[in-house]
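Residue 66 in the UniProt record's numbering is what sits at position 66 of the sequence shown, and the numbering runs on without skipping anything.
To start, the structure under review is shown below, and the notes come after it.
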Amino acid sequence: MTGIRLQQEESADLTQIRAAGTGGDLVSDDDRSVAADSWSIKSDYGSTLDDDQRHADAAEALSAAANCRAASDYSSDKEELDAEGVASMLGLQSYWDAAYADELANFHEHGHTGEVWFGADVMDVIASWTKGLCFEISQGCIPDHVDDIKSETVEESDKYLSSWSVLDIGTGNGLLLHELAKLGFSDLTGVDYSEGAINLARRLADRDGFSNINLLVDDVLETKLNRQFQLVMDKGTLDAIGLHPDGAIKRIMYWESVSKLVAVGGILVITSCNNTKDELLQEVENFNQRRIDVSLESESMKGHEASRDPPFRYLNHVRTYPTFIYGGSVGSRVATVAFLRN
1 MTGIRLQQEE SADLTQIRAA GTGGDLVSDD DRSVAADSWS IKSDYGSTLD DDQRHADAAE
61 ALSAAANCRA ASDYSSDKEE LDAEGVASML GLQSYWDAAY ADELANFHEH GHTGEVWFGA
121 DVMDVIASWT KGLCFEISQG CIPDHVDDIK SETVEESDKY LSSWSVLDIG TGNGLLLHEL
181 AKLGFSDLTG VDYSEGAINL ARRLADRDGF SNINLLVDDV LETKLNRQFQ LVMDKGTLDA
241 IGLHPDGAIK RIMYWESVSK LVAVGGILVI TSCNNTKDEL LQEVENFNQR RIDVSLESES
301 MKGHEASRDP PFRYLNHVRT YPTFIYGGSV GSRVATVAFL RN
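Written as structure tokens, this is what we have:
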């Protein structure tokens, strides 16, 4: 995916994990882990499967999800939805409202925490890797490679990380914020445009003793937040936005909005199963160029000196995800990339 474009067939990876998590009344965490492991193999953080095979695999997984929830739940005139139709639903708020209504009911009845986006293993990697990244930056370093912080620096890292303001956009059940809190972050905010998601996240935070986490209903594309954050996390939100029927436009809105939420010198960490590392880099480059062009145009019209500094620059990416070999290519099923706000 280069630049800003919607590619529903290549969105199969995302839809498989969502299909597992929103289907029936009761879906075990083990079932979700199996679904996470079923994603297409990636080459250089991208899929090595051809489009026809990826579409066929997605259709099989998505048809199972469609059979679990009536199409009428999503205001569809079709009796049965094809893979493309279900994939498009994943970009609609009505889909997530219905999904989190189910998960909230399951929590009340059975105590289930709900879906762990990308799986618990990936979430643990994101949290620990981000901690190491933030600690290095707190020390005035721009790291070329980030590993878990060594045990002898844990107390020292907690001292620095407690001052970081963190925003998790599209927080869902808020479990990523729980992991960040365990690692020493304390100024934590999670937002989601689904009220059901925030209700579930609040109940889980209260149950698990994270009452200091601030949880708000907010649409990142039209955010009402009036503050900036040193660390902004996105775990699958850009993926879901790209699945909207107007995904191309909404992705542009996403970058405009997120650029205002990340403080200067702060970090944006995006985790995606629908975009490779290189595709995310290209998308950020496209956004940077748009902003520079607008600035230059304003300079020309008003005679004021414009900033030619790009809003974001690549900082680092996770290198420790499990890799697979497929067709002679080696890669991972998910990409996590960090960008520095200039």
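A virtual CB, placed ideally from N, CA and C, is assigned to each residue, including glycine.
Helix, strand or coil at residue i according to DSSP, with G and I counted as helix
i, result
"H244", "coil"
"T113", "coil"
"G196", "helix"
"F339", "strand"
"Q230", "strand"
"N316", "strand"
"W39", "For W39, the pLDDT reaches just 35, beneath the cut-off of 50, and the residue's location in the model is therefore unreliable, although a value from the coordinates is still provided. Reduced to three states, the DSSP call for W39 is coil."
"T237", "helix"
"N214", "strand"
"Y74", "Low per-residue confidence applies at Y74: pLDDT is 35, beneath 50, and the placement is therefore not dependable enough to give any value."
"N173", "coil"
"Q139", "coil"
"K224", "coil"
"R308", "coil"
beta-carbon residue i near the ligand MG non-hydrogen atom, thresh 7 Å
i, result
"R313", "Judged by which ligands are present, the structure shown has none, so any question about the ligand MG falls away."
Cβ pair residue i, residue j closer than 8 Å
i, j, result
"D192", "V217", "yes"
"T113", "L204", "yes"
"A201", "T171", "yes"
"C273", "V334", "yes"
"W96", "S194", "yes"
"V294", "V258", "no"
"L104", "A240", "no"
"F107", "G236", "no"
"L167", "V122", "no"
"I198", "D234", "no"
"P310", "N288", "yes"
Cβ neighbour criterion (16 or more within 10 Å) applied to residue i
i, result
"G331", "buried"
"G265", "exposed"
"R308", "exposed"
"R207", "exposed"
"K159", "exposed"
"R230", "Strictly speaking, residue 230 in this sequence is Gln, with Arg absent from that position. Buried, since its Cβ has 16 or more Cβ neighbours within 10 Å."
"V284", "buried"
"I137", "buried"
"E279", "buried"
"T48", "Since pLDDT at T48 reaches only 39, below the 50 mark, its modelled position is unreliable, and the value read off the structure follows with that caveat. By the 10 Å Cβ count, T48 comes out buried."
"R341", "buried"
"G327", "exposed"
"H317", "buried"
"R227", "exposed"
"G196", "buried"
"G140", "exposed"
"D124", "exposed"
"G184", "buried"
"L224", "The amino acid occupying residue 224 in the given sequence is Lys; Leu does not appear at that position. Per the 10 Å Cβ criterion, exposed."
"I267", "buried"
"L296", "exposed"
Cross-strand partners of residue i (DSSP beta bridge)
i, result
"V258", "Answer is none; V258 lacks a bridge partner."
"I267", "L231 and L340"
"residue 344", "A query on residue 344 cannot be resolved here, the shown segment of the chain reaching from 1 to 342 and no further."
"F324", "G331"
"S128", "In DSSP, S128 forms no bridge with anything."
"S272", "A335"
Neighbour flag for residue i against chain B, beta carbons, 8 Å
i, result
"L188", "The question asks about chain B, but that chain is absent: this structure has only one protein chain."
At least three beta-carbon pairs within less than 8 Å, the stretch 128 to 141 to the stretch 179 to 189: yes
Three or more C-beta pairs below 8 Å linking the stretch 104 to 121 and the stretch 212 to 230: no
The stretch 318 to 334 in contact with the stretch 243 to 256 per 3-pair CB rule at 8 Å: no
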